[in-house]
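In order, the protein sequence lines correspond to chains A and B.
Sequential numbering of the first sequence, starting at 1, is according to the working numbering.
Sequential numbering of the second sequence, starting at 453, is according to the working numbering.
Every residue gets a Cβ at the ideal spot worked out from N, C-alpha and C, and that includes glycine.
Scroll down for the structure; my scribbles are underneath it.
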Amino acid sequence: MAREHLLKIGVSGIRGVVGEFLTPGLACAFAQAFGTYVNSGRVVVGRDTRSSGEMLQHAVQCGLLAAGCEVVDVGVLPTPTIQVFVASTRARGGIAITASHNPSEYNALKLFNARGLFFNHYERSELLDLYHQREFREATNEEIRGIVREYETPARLHLERVLKHVNVERIRARRFRVALDGVNGAGSVLSCRFLRDMLGCDLKAISVDPTKPFPRVAEPRPDTVGELAELVRREKCDIGFAQDPDGDRLAVADETGRVLDNDDVLALAVDAALGRVPGDVVVNLTTSSVIDDIAAAHGRRVHRTPVGEANVVEGIESAKAAIGGEGPNGGIIFPAVHLCRDSYTGMAFLLDRMAETGLTASELASRLPRYYRKAGKLAYEHGRLGMLMQALEDAFPSAELDRTDGLKLMLPEGWIHLRASNTEPLLRIAAEARTEKGVEELYRSALERLGG
Amino acid sequence: MNTRGRKQLRISHVGLRGVVGAGMTAAHVLDFASAFGTFLEKGPVVVGRDPRASGTMIHEGVTAALMACGHDVISLGIVSTPVIQHAICRLDAAGGVSIGASHNAAEWNALKFFGPKGIYLSTAEAGELLDIYHLRKFDYVEWNRIGKLRTEENAIDPYLDDLAAVYDFDALRRFRVVVDCCNGTSSLILRRLNERFGFNILLINEQIEGVSFAHEPLTDARNVALQLAPLMKPLCADAGFLFDVDSDRVAMATDEGCPVSEEMVLPMLADYLLPRSTGKLVITNLSSTALLEEVAAWHGAKVIRVPVGRQAAIDALSSYRPEQVAIAGEGTGAVMMPQFRFVYDGIASMLAILSMMRERGQKLSEIVASYPKYCMLKGEVPLVTQRVPALMAELRARNAGARINMLDGIRVDWPDRWLHVRVSQTEPIVRIICEQRGEPPHALFSGVMEHVRSFV
């Protein structure tokens, strides 16, 4: 068995179980390294609704001030909102205190550069070296700046920018009845304002109290948002949305209460975006081939990247793509709003498509090419990944191989992808095919080779 | 000897103190506050700070560490140390932290720790805190038991209400008073005294300032002479007071515009309080004026002399019953009174001096002139740590005929003069103090200085 990693300090920043593992001292030191790295100046700090967030925010602010930064405290806000604000406030960078879709006991620091983008690979490893060398800038009394509070502007900036890309009047005219599950997260209050006040929806919301704990598994997936599906059916809603605690991921239920595959949600958003802006599509290796079909229908190309938001963002930037995302985990990245995963863009696109076409959510979904997917995980053992990759390769000699992130085998009937998780001590395995039987067979034969 | 290190950071029983950036860092703050959060019993903790710019950073770190240890934090913002101690008591908190370097220059900062009721930690408790700090094994709670932060907007009014119960504000507000706030927390309190109770206090250097103070925030006659004393006559003021940045120390100027030696605050207040106190003990350190013994004798009281530093005074206080003690303090203008919970409190001291003027019907200059004259000379010599024992032994042998006290360096007493040679706790120097009733003890002082220098 792999050791349980209750604290992880690495290129993706610092993440861990708060208390014994992720301590205020660590958060402070990491923030001071960050402040040193961005060379003081203005840094935006916000957080999601986790009970450890307030404490960690003070620790982070301590470290930033000690490095001579001016802190802009934006309080509890979705991660995309923080990113948009970083980019528009002449800040040197930003820190969001959130463990995104991880369970309540976890927390983490998400780090952004002056453009409000996730640190790229080089920035991350430079920062990590600085952290380990402990050569922090230590501001003197004269150099220490203060904390400015900005609780209103960021939300306005973000939502206005999203609404520029949809036909608001058309959506408002439909007075959609919308169900929302905010998981009591950072988006709770903002999403109500967005859907009810700005998009004129008849909103039926649950779990929108940011002072309460998460009432369900934080990651919005078909198997975790049952309450939303029930709400949709009970209230006869046109559509239902579920967010994760920091408002970057989105799950969608159609009017029958069926929760759509996240890949299909991305496909609908891609369809909406490609109709509006030029450019290709960038998705990670585990994202469904449905994206390729949609892109092809618009005459665009699809580029694949390793799993991880930062990778997809880098890919979108270098391809000057129109849209991108990570299918399986509910991430839609629309660079015209901002180069970040954003549930608000997703919600707006879906409502806009429904208003534009007059179709219901289930009708929109059913028009997508049908794929069947299966995903699972295996315990991770050091050194085992290479061996397993070899076994898979041997089992499917005819497959076309992609080794950019673990191993992806492309076969005529579908594909198999095996990789190590970035955030947990696990191996992830996914398979997709055009038929249910096909995917079962692919998945089973892969598992057999993996000894799972 | 590494003088550079010693000058910029000091971690001791008194807490954490240093030059921010060069000595004291965010990491020190996090660790020390985590140690304190671990040390304290369950319950909320009061946090306040003085106006130094680095206080913002330190406040964030202290808040995070205490919350992580499961304590709710009650933040008072920028307030004086006595107000923090008062709030700990009033809110029945588990303890408190004062962020501020008091009379030190602006680039310094420090953490001071208080237990329940706002009392200073004893040496034994402070030792335990230090041990936890050095072990770095902190009791961080689980994610769902982390403390919350709330701010208490007005901690000053309840503090003033309690002062009003002790002092006759109606009578005292008639005095025309000038105060040099040295850009510190006293201005916030004194403004409220004017607004709420109609006091007639004129403030100078009243702007709260984080980076540069109008002058050194030391409560001594030299700083009183700078700006405050020259204003007394032109403004027809009855009394003038100078506070340090966190308002626990005070110095005075008379109605005639003369700076009063900081050594006078304690004897004057002892003289005022002893007749109305059941306690007949005056607790002070070995370096403060011998006028105290004379004043105590007038009232049949006794002076207890302890080593220099707040910690020794705290420990001495706790070895007597509160009702035995009339007053405690230092020659620096830091005085504690039983009427006001035995905390160093410059504002309470000012109110007591004004009460004394009113009850005696005398001007401040008249009161000061009514005491026999003592003259004190102070000097310092760089320290060679290894030779301190030999120096002390030599001084003892040379003064074999006099009364000797070796509690803190060496103090030698003759009938109307004394000398004290000790190692500073805050700087790498030996301090030399001589005092004589009447004229300055020039010969004694230069003899000792020469002798100490021969050990460098």
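Would residue i count as contacting chain B if we go by Cβ distances under 8 Å?
i                     : result
residue 257 (chain A) : no
residue 205 (chain A) : no
residue 502 (chain A) : Since the displayed chain A opens at 1 and closes at 452, residue 502 (chain A) lies outside it and no answer follows.
residue 104 (chain A) : yes
residue 28 (chain A)  : yes
residue 410 (chain A) : no
residue 66 (chain A)  : yes
residue 58 (chain A)  : yes
residue 19 (chain A)  : yes
Give the DSSP-derived three-state secondary structure of residue i in the structure shown.
i                     : result
residue 814 (chain B) : coil
residue 696 (chain B) : coil
residue 305 (chain A) : strand
residue 465 (chain B) : coil
residue 716 (chain B) : helix
residue 455 (chain B) : Bear in mind that a pLDDT of 44 at residue 455 (chain B), under 50, signals an unreliable position, so the number given afterwards is only what the model happens to contain. Here residue 455 (chain B) sits in helix by DSSP.
residue 400 (chain A) : strand
residue 762 (chain B) : helix
residue 247 (chain A) : coil
residue 337 (chain A) : coil
Is any beta-carbon of chain A found at less than 8 Å from that of residue i?
i                     : result
residue 527 (chain B) : no
residue 601 (chain B) : yes
residue 900 (chain B) : no
residue 850 (chain B) : no
residue 660 (chain B) : no
residue 878 (chain B) : no
residue 646 (chain B) : no
residue 456 (chain B) : Because residue 456 (chain B) sits at a pLDDT of 43, beneath the cut-off of 50, its placement in the model cannot be relied upon, and the following sentence gives the value as read from the coordinates. Not one chain A Cβ lies under 8 Å of residue 456 (chain B).
Spatial neighbours of residue i within its chain, please: C-beta separation below 7 Å, excluding the five flanking residues on both sides.
i                     : result
residue 621 (chain B) : 649
residue 772 (chain B) : 733
residue 453 (chain A) : With chain A covering only 1 through 452, there is no way to say anything about residue 453 (chain A).
residue 678 (chain B) : 667
residue 731 (chain B) : 775, 776, 777, 778 and 790
How long is the line joining the alpha carbons of residue i and residue j, rounded to whole angstroms?
i                     : j                     : result
residue 374 (chain A) : residue 440 (chain A) : 8 Å
residue 555 (chain B) : residue 77 (chain A)  : 41 Å
residue 565 (chain B) : residue 536 (chain B) : 10 Å
residue 122 (chain A) : residue 438 (chain A) : 41 Å
residue 577 (chain B) : residue 583 (chain B) : 10 Å
residue 348 (chain A) : residue 66 (chain A)  : 41 Å
residue 658 (chain B) : residue 822 (chain B) : 32 Å
residue 801 (chain B) : residue 721 (chain B) : 8 Å
residue 18 (chain A)  : residue 595 (chain B) : 5 Å
residue 789 (chain B) : residue 795 (chain B) : 7 Å
residue 100 (chain A) : residue 270 (chain A) : 23 Å
residue 453 (chain A) : residue 296 (chain A) : Lying outside 1 to 452, the shown extent of chain A, residue 453 (chain A) is not represented and no answer is given.
residue 218 (chain A) : residue 422 (chain A) : 18 Å
residue 51 (chain A)  : residue 626 (chain B) : 52 Å
residue 876 (chain B) : residue 882 (chain B) : 6 Å
residue 644 (chain B) : residue 817 (chain B) : 27 Å
residue 29 (chain A)  : residue 228 (chain A) : 40 Å
residue 258 (chain A) : residue 365 (chain A) : 11 Å
Using a Cβ-Cβ cut-off of 6 Å (strictly less than) and excluding sequence neighbours within five positions of residue i, which residues of its own chain qualify?
i                     : result
residue 86 (chain A)  : 44, 94, 112 and 116
residue 604 (chain B) : 526 and 528
residue 388 (chain A) : 450
residue 624 (chain B) : 806
residue 417 (chain A) : 285, 286, 408 and 430
residue 174 (chain A) : 355
residue 190 (chain A) : 155
Starting from residue i, trace the beta strand (DSSP E) in both directions and tell me its first and last residue.
i                     : result
residue 213 (chain A) : First-last for residue 213 (chain A): undefined, no H or E at that position.
residue 431 (chain A) : 426 to 433
residue 827 (chain B) : 826 to 834
residue 888 (chain B) : 881 to 889
With a threshold of 8 Å on Cβ separation, who are the neighbours of residue i within its own chain once the five nearest residues in sequence on each side are excluded?
i                     : result
residue 312 (chain A) : 282, 283, 284, 305, 324, 325, 326, 331 and 333
residue 768 (chain B) : 735, 756, 758 and 780
residue 715 (chain B) : 740, 741, 743, 783, 826 and 828
Counting along the chain, where does the alpha helix (DSSP H) carrying residue i start and finish?
i                     : result
residue 647 (chain B) : 638 to 649
residue 897 (chain B) : 894 to 905
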